[in-house]
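Trainee: Mind having a look at this structure? Questions to follow.
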Amino acid sequence: MAEIQLKSLAHSYSDMPESPDDYAIRQLDHVWHKGGAYALLGPSGCGKSTMLNIISGLVQPSEGDVLFDGKRVNELSPRDRNIAQVFQFPVIYDSMTVYDNLAFPLKNNKVPASKIKARVHEIAEVLEIEDKLYKKAKNLTADEKQKVSMGRGLVREDVSAILFDEPLTVIDPQLKWKLRRKLKQIHEQFDITMVYVTHDQLEASTFADKIAVMYGGQIVQFGTPTELFEQPNHTFVGFFIGSPGMNLIEVQRCPRGVCFGGTVVALEPWQVDILQRTKSTNLKIGIRPEFIEVSSVASDDTFEAEVLDVEDLGTYKIVTVQLDHERMKVRQSEDFAASIGSRVHLSFPRQWLKLYVDEFLVQEQQ
Amino acid sequence: MQKVQNNKAWWLVLPVFLLVAFSALIPLMTVVNYSVQDIFGPGQAFFVGTEWFKEVLTDERLQDSLLRQFIFSGAVLLIQIPLGIGVALMMPKSGIKGSLCLILLAIPLLIPWNVVGTIWQIFARGDIGLFGWGINQLGIDYNYTGDTLDAWLTVLLMDVWHWTPLVALLCYSGLRAIPEAFYQAAEIDRASKWAVFRYIQLPRLKSVLIIAVLLRFMDSFMIYIEPFVLTGGGPGSSTTFLSQTLTTMAIGQFDLGRAAAFSLIYFLIVLLISWLFFTAITHADKEK
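This is the structure in C-alpha cells:
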C-alpha cells in the first residue's frame, strides 16, 4: 500500500504540444492517501483514464512527478510499481482456465503454491465464480470474463494500489450494483488504496469515500459526495453532480447583489464584498433544484415564475419554471399541485445560493 | 402452403460441379486410370489391378526417398517455425524500420525457385562461391557436391533462407493483431517475457501458425526444383526427394502406371499428414 502523490502533472499525447488544448492533463496536483477508496469522476475524454495510466506507469507523463510514498516513480514500469489495474474491457488469458488466470499474477510474484490456491479460492468466492474455476476462460460470458479480469486485479495482497478503469461498463445493471458492493467490501476487508474511474456519479458515490471530479484535464473538486452536492467548487461539479444538475444563471453586478434580466438577487454582504473586488465579468449564480422553495403566495424575497413543465418521476416531481428569461429546474414532492402555465413564487435560501466567478465558487474567508 | 416439388434447382449446382470436375476430378481420375493399367503404347494397355501399388509400396528406392522426405520436412518445420516466430518477435513494431524489415524479408519469397537453386549452387561452391569459399577459409572442409552431410545442410540452409520469411511474415501479422491491452494487462500482472510469449503471443498466433505449418509442410514435402538445381539429387541419391524420384520415374523412364500409383500414394500421404496436423492443433485446446 502506498500514498500516491501527483506533483504538477501534465500530459500531452502529441509530441509538440502548443496550446493548452493539446494537453489531456494540465498542471495537476493531487494526493491519494493510503488505504482510501476513491472515485475519479468526469465526462468521457476529460483525462481520467490518462491519469490512471500515469499512476500505473503504462503512460509516461510529459511533465511533473508521480510519487509513491514520497519516492519518485516516473521511470519505474508498472511491474516495478507493483500496482494492479482493471481495464474497461475484459482482458483474459484465453488459453488458460479461470483458475490459472487468477493465479497468474501470484505465480509471477513467486507466491508459494499453497497460498495461491487459498487466495484464488477466496477471490473466486467473493466474485462468485467458484463453480467456473476449472473452465477455460475463453468460454465465459462477457460478464464472467470481466469478473475474472477484476479478480486478477484483486488477487495480489501486497499491491501499492488497485486502479479500476470503468470496470463495470460491460456488466449488466443488476450485477453492477452487486459487484460495486463487493468492491467496497473488499476494500473494507483488505484496506487497499483503490482508485475507481467512472463517469457515473451514482457509481462513484456508492463506491468511494471521496470523489475527485475531473474536468478539462484538471481535478476541479475533491470531496465527499455530500460536499460535492452541497458545496460544488466549480460550475462543472454543480452541473455534473445531481440529477438534474445545479441551476446556473449568468448574472451581472448590481448594488447589493447580482441581477439578470429585470430580476435582482440579493447576496450576503461578504459575497457582495468579494464581487466588488474582482474585475471578472464571468459571473454565475447557482442553486440546486432540491433547495429552491416554492410557494403559492408572494413575499419580500420571492420571485414570480411561470410553470413550464412538470415531470412526475414517481417519488418526486421535477418542475421546470421560467423566471425572467431563465429556465430553472425545481425538485418538488409528489403533492406539488400547480398546473402548467400557472404562476408560482420561488425563494432561494441564502445558504444554498452559490456565487461563481470565472466558474469557481466564491467562498467565505474565515 | 403446399410444398413445390421441383428439382430444377439442382441445375444451379452445375457450374460448381463442372468446375470441380475439370479442375480436380477428371485429372485425378486419369491418374487413377493409369495406376491400374500397364501401358506399353497406344492401344496396348493391360489391366493390372493393384499390382503397381504393391510394387511401389515395396520398392526400396521409393522407401528411402520417402524416409529422406520425412526427415527433410521434419527438419524444415523444426527449424523454420521457431526461427520464423523468433524473427517476427524481434522485428520493429512499426515505423520505417518495420517497413524496411518487411521488404528485406519479402525478397527471398519473390525469387523464382529455380533461380534460388542457381543462386545457392554458385553461392555454396568452394571455388567461386562466397559462402563455400568462406567456410573453407575457416578451415572447415566443406563440399556440397561430394559430401552427403554438406549437401543436406546446404539444401536445408537454402530452404530456410527461402521460406523462413514466409513464416516470419505470417507471425508478424499475427503479432500485430494482438490488442495492446493484453500487453498492458501482462505488464500489470508482472508477467515475465517468457510468460507473455507463452500465454499471450503464442495462443494468439495459433491460427497463423496452423497456416504456416501446413504451408511449409506441403511445400517442403513436394520440394523439387531447388534441390534438383542445387545438387541434382546427389551425391548419389542422398538428396533425392520424393518428387524428384517421381519425375524420374514418370518422365525419365516413362513408367506411367507405376508413377501414377506412386502419385496417388504421395497425394494421400500429403492429405493424411495435413489432416493430422490440422486436427491435432485445432483439437488441442477444446474443452476438457
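Chains as they are written, first to last, in the UniProt record's numbering: chain A, 1 to 366; chain Y, 1 to 288.
Even glycine gets a Cβ: it sits at the ideal position worked out from N, Cα and C.
1) Please check the pair residue 193 (chain A) and residue 35 (chain A), which I expect to be a contact at CB under 8 Å, by giving their CB distance rounded to whole angstroms.
2) Do we get a CB-CB distance below 8 Å when we pair residue 55 (chain A) with the residues of chain Y?
3) Taking 8 Å as the CB-CB limit, is residue 287 (chain Y) close to chain A?
4) Which residues in chain Y sit within 7 Å of residue 93 (chain A), going by Cβ to Cβ distance?
5) Judging by CA-CA distance, which residue of A:80, A:41 and A:37 is the nearest neighbour of residue 56 (chain A)?
6) Skipping 5 residues on each side, what residues in its chain have a beta carbon closer than 7 Å to that of residue 109 (chain Y)?
7) Along the region 172-186 of chain Y, what residues have a CB closer than 7 Å to any CB found in chain A?
8) For residue 78 (chain A) and residue 53 (chain A), what's the separation of their Cα atoms in angstroms?
9) Hey, how far is the Cα of residue 287 (chain Y) from the Cα of residue 149 (chain A)?
10) So residue 338 (chain A) packs on residue 344 (chain A), CB below 8 Å; how close in whole Å?
11) Can you pull the DSSP bridge partners for residue 331 (chain A)?
12) Mind checking who residue 2 (chain A) pairs with in its DSSP beta bridge?
13) Could you say which of A:113, A:67, A:167 and A:143 lies nearest to residue 86 (chain A) if we only look at CA atoms?
14) Between residue 271 (chain A) and chain Y, is any beta-carbon pair separated by less than 8 Å?
15) If contact means a Cβ-Cβ distance below 8 Å, which residues of the region 8-30 of chain Y contact chain A?
16) If contact is defined by three or more beta carbon pairs under 8 Å, each pair taking one atom from either stretch, is the region 95-107 of chain A in contact with the region 129-136 of chain A?
17) Just checking: is the beta-carbon of residue 174 (chain A) within a distance shorter than 8 Å of some beta-carbon in chain Y?
18) How about residue 228 (chain A) and residue 239 (chain A): do their beta carbons lie closer than 8 Å?
19) Taking only beta-carbon positions, decide if residue 85 (chain A) is within less than 8 Å of chain Y.
20) Run down chain Y in chain order and give the residues with a C-beta less than 7 Å from the C-beta of residue 109 (chain A).
21) Any Cβ of chain A within less than 8 Å of the Cβ of residue 280 (chain Y)?
22) Indicate whether at least one CB of chain A lies closer than 8 Å to the CB of residue 88 (chain Y).
23) Using the rule of at least 16 other Cβ atoms within 10 Å of the residue's Cβ for burial, across every protein chain shown, is residue 334 (chain A) buried or exposed?
24) For residue 169 (chain A), write down the residues that DSSP places opposite it in a beta bridge.
25) At the 8 Å Cβ level, is residue 104 (chain A) part of the contact set with chain Y, yes or no?
26) Going by CA-CA distance only, name the one from Y:256, Y:194, Y:62 and Y:122 that's closest to residue 243 (chain Y).
27) Between residue 331 (chain A) and residue 318 (chain A), which are expected to be in contact by the criterion C-beta below 8 Å, what is the C-beta distance as a whole number of angstroms?
28) So, residue 117 (chain Y) versus residue 225 (chain Y), is the Cβ gap smaller than 8 Å?
29) So residue 174 (chain Y) and residue 205 (chain Y) are in contact, right, with Cβ under 8 Å, and what is the actual spacing, rounded?
30) Taking only three categories from DSSP, how would you classify residue 277 (chain A)?
31) Beta carbon of residue 235 (chain Y), beta carbon of residue 151 (chain Y): below 8 Å?
32) Here's the rule I'm using: 16 or more other beta-carbon atoms within 10 Å means buried, otherwise exposed. How should residue 196 (chain Y) be labelled?
33) Just verifying my parser: in three-state terms, what is the DSSP assignment at residue 29 (chain A)?
34) So which of Y:231, Y:91, Y:248 and Y:275 has the shortest CA-CA distance to residue 172 (chain Y)?
35) For residue 46 (chain Y), is the classification buried or exposed, using 16 other Cβ atoms within 10 angstroms of its Cβ as the cut-off for buried?
36) Evaluate contact between the region 206-223 of chain Y and the region 262-276 of chain Y, counting only Cβ atoms and requiring at least three cross-stretch pairs below 8 Å.
Mentor: The short version:
1) 6 Å
2) no
3) At residue 287 (chain Y) the pLDDT is 45, less than 50, meaning the model places this residue with poor confidence; the figure from the coordinates comes in the next sentence. Yes, because at least one Cβ of chain A sits closer than 8 Å to the Cβ of residue 287 (chain Y).
4) 199 and 200
5) A:80
6) 165 and 166
7) 181, 182, 184 and 185
8) 9 Å
9) At residue 287 (chain Y), the pLDDT of 45 sits below 50, so the modelled position is not reliable; the number obtained from the coordinates is stated separately. About 20 Å.
10) 5 Å
11) A:318
12) In DSSP, residue 2 (chain A) forms no bridge with anything.
13) A:167
14) no
15) none
16) yes
17) no
18) no
19) yes
20) 190
21) no
22) no
23) exposed
24) Paired residue(s): none; residue 169 (chain A) is not in a bridge.
25) yes
26) Y:62
27) 6 Å
28) yes
29) 4 Å
30) helix
31) yes
32) buried
33) strand
34) Y:91
35) exposed
36) yes
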